[in-house]
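Each residue of the sequence shown is one higher than the one before, starting from 22 at the first, in the numbering used here. Accompanying notes for the structure given below.
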Amino acid sequence: MGSTLAAALAEAGIRRPEDVSPDALAGLPRVGRLRAGRLASAFIAAGPVYDVTELLVSAELPARLAGRAVDAFGPGALRLLRDDPWRLLQLPTVDVPDADALARVAIPGVSSADPRRARALVGHVLARAARDGHTLTTAEQVADELRLYRVTDPAAAIDAAVASEQVYRVGDQLALDRFYLAELAIALAVHRLQRTAEPLAGKAKPARGELDKVQASAVTNALRHGVSVLTGGPGTGKSRTVAAVVRAAEQAGQQIALAAPTGRAAKRLAELCQVDAMTIHRLLGVQPRSGDDGEVDFRGGFARGPDWPLDAALVVVDEASMLDVELAAALLIACADGTHLMIVGDAAQLPSIGPGQVLADIISAGTVPVVELSRLYRQEAGGAIARLATAVRAGELPAVDSPDREVVIVPARGSAESAHRVVQLMTDSIPRALGIEPDQIQVVTPVHRGPAGTIELNAALKAKLNPHPFRKAGGRFDVGDRVVATANHLEVTPTGFANGEVGTVTKVESGVVTIDFGAGGTPALAEVSGKALSDISHGWAITVHRAQGSEFRAVIVALAPEASRMLSRPLVYTALTRASQHLSVVHGTGPALARAVRDIGAAPRRTMLAQALIDEAG
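Here is the structure:
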């Protein structure tokens, strides 16, 4: 707080929180009666945050955790944290010493042997496993980790967590309630849709010769079964098959909903099918949540659900490899009885950022019809990107044969040279040689740090592409900056944004950054400020995970030496398949790249969905 404002508050008689009122605020300079009322209302609404802040600061914890605690636990967060300070471990950035420090302040004389601590640590261990994609962890592994936190009776702690219904037992494994319930909900919903679906009126069929027999079977599955899966690599005709399904349903007079996890993927789906498409979050109608019990609703606060299901007879979801268990559960329970759900995706890509492996589990369970397309049509047309991606998908890294420079391999020695090559390609070589401008080129890299990580590459690319030497102090973004969302904020007006969406800054004014996430064509403006602004980063260079679900005209894949330990076949495959017309690979990882493609598959995830699907199918 500035000294001038502090003095003005004192002069207006505002020295303590209880002094705040519309009348008192109206006494401040340049604050009228209307604004004073709004300020007072905002202060009252923020009361729970101030209360939690006071508790956190007394424990020497960051005040910024207060807002996150109130978001997670509701207006009664202070009462809940005083009753059980280890609830703080439910926030993703909090570690055990933080929660212990809060406990010592909230409950003077508390012991580290307190059963509330042991019970909370069970959930904390499972939450950490979920960040690696697992929805299940063996009880033995949990017990081993509890001992590291000085829990003397791990079995009792696990029993207490199960008794509280925050944790479920699945055989000899344990699951957090939110993920257990989400995977169970998926299995129940798949079985319900399979049981209740009637064949959609087949008045229209794909034109003769339009599809091959395998593709045509996927169309038949989508129109006949409640749930079906279409999978395959790039260039195998997935898009053509989906378009045929949509046309057949339209000609039969059926209502259709198309969705994808990201805005770019939804836009591509809409252009392909000539039908409106949207992100899954927007399809389900995300809405703010408020509660006072500290429980997490895996349905995510969506308006659409069992009480207000989706209206469409056919729902098509593309890029399904990105679906985590909670988003998939929300989507499936929002499908009314009789809905046909077509799930489209490439199981060879990276699994979801969130926990689970929904697409892979549905395919492996074998309880719904699955069609995998394997014939490479783009190869027949000479598509070097598709040929390379198909080989990598099969665990091979062939020499590139691309005289038309659709694919270019750029060797680099060391991280600094890798970064130099990336900047040179984006700002000079590709625009000059191929006529593709920088605004249509995307850099993807496995790492954040190092010369060829997202942080330094974005700084270097901004200096070349959008320098603003006279920017006001304290600002991070300028008009013309490319940015990427690192979290979902669909509450932002006038149009929210989802994790991974790439946009361009169009206006910066008074702490509000306006971003166009429209990906070309129709603008999709978001006015971003406050906490939401902390989930925006520069986006000329983004991680491979962040790029998943998006396609760009040209892509530069930066593989510097520091990325070697992170390489896997799914990561390399996902990176290569982001490009539609041109791919440059800056190769600085030596033999590690071929070894990863040959030997390193997806890190196994422990989930229960496949077995739950089998159990429900009987």
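Glycine is no exception: its CB is placed at the ideal position from the N, C-alpha and C atoms. Here the structure is a predicted model, which means the values were calculated and not measured.
{"Item": "My guess is that ALA581 and SER436 are in contact by the Cβ rule of under 8 Å, so how many angstroms apart are they, rounded?", "Value": "5 Å"}
{"Item": "For PRO175, is the classification buried or exposed, using 16 other Cβ atoms within 10 angstroms of its Cβ as the cut-off for buried?", "Value": "buried"}
{"Item": "Is DSSP giving ALA545 helix, strand or coil here?", "Value": "coil"}
{"Item": "Does the count of Cβ pairs from the segment 439-446 and the segment 602-621 closer than 8 Å reach three?", "Value": "yes"}
{"Item": "On the DSSP bridge assignment, give the partners of PHE573 in chain order.", "Value": "ALA600"}
{"Item": "With a cut-off of 8 Å, do at least 3 Cβ pairs link the segment 288-300 to the segment 320-334?", "Value": "no"}
{"Item": "Residue range of the alpha helix (DSSP H) that GLN632 falls in?", "Value": "630-638"}
{"Item": "Kindly indicate which three-state DSSP category TYR594 falls into: helix, strand or coil?", "Value": "helix"}
{"Item": "Since LYS528 sits in a beta bridge, which residues does DSSP pair it with?", "Value": "THR535"}
{"Item": "Helix, strand or coil: which one does DSSP assign to PHE319?", "Value": "Because the pLDDT of PHE319 is 43, which lies under 50, any placement of that residue in the model is unreliable, and the number read from its coordinates should be weighed accordingly. Coil at PHE319, not helix or strand."}
{"Item": "By Cβ distance below 6 Å, which residues in the same chain neighbour LEU380 in space, the five residues on each side in sequence not counted?", "Value": "ALA341, SER342, GLY366 and ALA368"}
{"Item": "Looking only at its own chain, which residues have a Cβ that is under 7 Å from the Cβ of GLY306, when we skip the five neighbours before and after it?", "Value": "PHE323, ALA324 and ARG325"}
{"Item": "Can you tell me which of the three DSSP states PRO113 falls into?", "Value": "coil"}
{"Item": "Just to confirm, are LYS483 and ASP460 a CB contact at a threshold of 8 Å?", "Value": "no"}
{"Item": "Using only the alpha-carbon positions, how far apart do ASP556 and HIS510 sit?", "Value": "9 Å"}
{"Item": "Does the beta-carbon of LYS528 have 16 or more other beta-carbons within 10 angstroms, so that it is buried, or is it exposed?", "Value": "exposed"}
{"Item": "If you pair each beta-carbon of the segment 353-362 with each one of the segment 568-587, do three or more pairs fall below 8 Å?", "Value": "no"}
{"Item": "Quick one: give me the first and last residue of the beta strand (DSSP E) that ARG503 is part of.", "Value": "503-506"}
{"Item": "Would you decide whether GLY23 is buried or exposed? Buried here means 16 or more other CB atoms lie within 10 Å of its CB.", "Value": "Residue placement at GLY23 is flagged as unreliable, the pLDDT there being 45, under the threshold of 50; a coordinate-derived value is accordingly withheld."}
{"Item": "Kindly indicate the opening and closing residues of the beta strand (DSSP E) around ALA298.", "Value": "298-300"}
{"Item": "In its own chain, which residues sit with a C-beta less than 8 Å from the C-beta of VAL468, not counting the 5 before and 5 after it?", "Value": "GLY474, THR475, THR564, ALA581, GLU583, ALA584 and MET587"}
{"Item": "Pull up the CB-CB distance for VAL523 and SER550, whole angstroms please, since I reckon it's below 8 Å.", "Value": "That belief does not hold up - the Cβ atoms of VAL523 and SER550 are roughly 20 Å apart, past 8 Å."}
{"Item": "At what residue ranges does the segment 79-158 contain a whole run of the alpha helix (DSSP H), taking only runs of 4 or more?", "Value": "86-94, 98-104, 117-127 and 136-152"}
{"Item": "Buried or exposed: LYS552, going by 16 or more other Cβ atoms within 10 Å of its Cβ?", "Value": "exposed"}
{"Item": "As a quick exercise: from THR262, HIS212, ARG245 and GLY254, pick the residue whose alpha carbon is nearest that of ASP233.", "Value": "THR262"}
{"Item": "Suppose contacts are defined by Cβ-Cβ distances below 8 Å. Is ALA141 in contact with ARG103 by that definition?", "Value": "no"}
{"Item": "State buried or exposed for VAL163, treating a residue as buried only when at least 16 other CB atoms are found within 10 Å of its CB.", "Value": "buried"}
{"Item": "CA-CA distance, GLY312 and ILE383?", "Value": "Here GLY312 scores only 41 on pLDDT, less than 50, and its place in the model should not be relied on; the value that follows carries that caveat. Distance between the alpha carbons of GLY312 and ILE383 is about 33 Å."}
{"Item": "For LEU209 and VAL431, I'd like the C-alpha separation in whole angstroms.", "Value": "49 Å"}
{"Item": "For ARG626 and ARG453, I'd like the C-alpha separation in whole angstroms.", "Value": "44 Å"}
{"Item": "From what residue to what residue does the alpha helix (DSSP H) around THR257 run?", "Value": "Looking at the DSSP string, THR257 is not in any alpha helix (DSSP H), and its letter there is neither H nor E."}
{"Item": "Tell me which same chain residues have a C-beta within less than 7 Å of the C-beta of SER558, skipping the five on either side of it?", "Value": "VAL504, VAL505 and THR507"}
{"Item": "In this structure, does DSSP put THR475 in helix, strand or coil?", "Value": "helix"}
{"Item": "Measure the alpha-carbon distance for ALA171 versus SER373 and round it to whole angstroms.", "Value": "A quick correction: the sequence has Arg, not Ala, at residue 171. So the alpha carbons of these two residues sit roughly 33 Å apart."}
{"Item": "Could you check if ARG199 is buried or exposed, using at least 16 other CB atoms within 10 Å of its CB as the buried criterion?", "Value": "buried"}
{"Item": "How big is the Cα-Cα spacing for ALA623 and ARG590?", "Value": "7 Å"}
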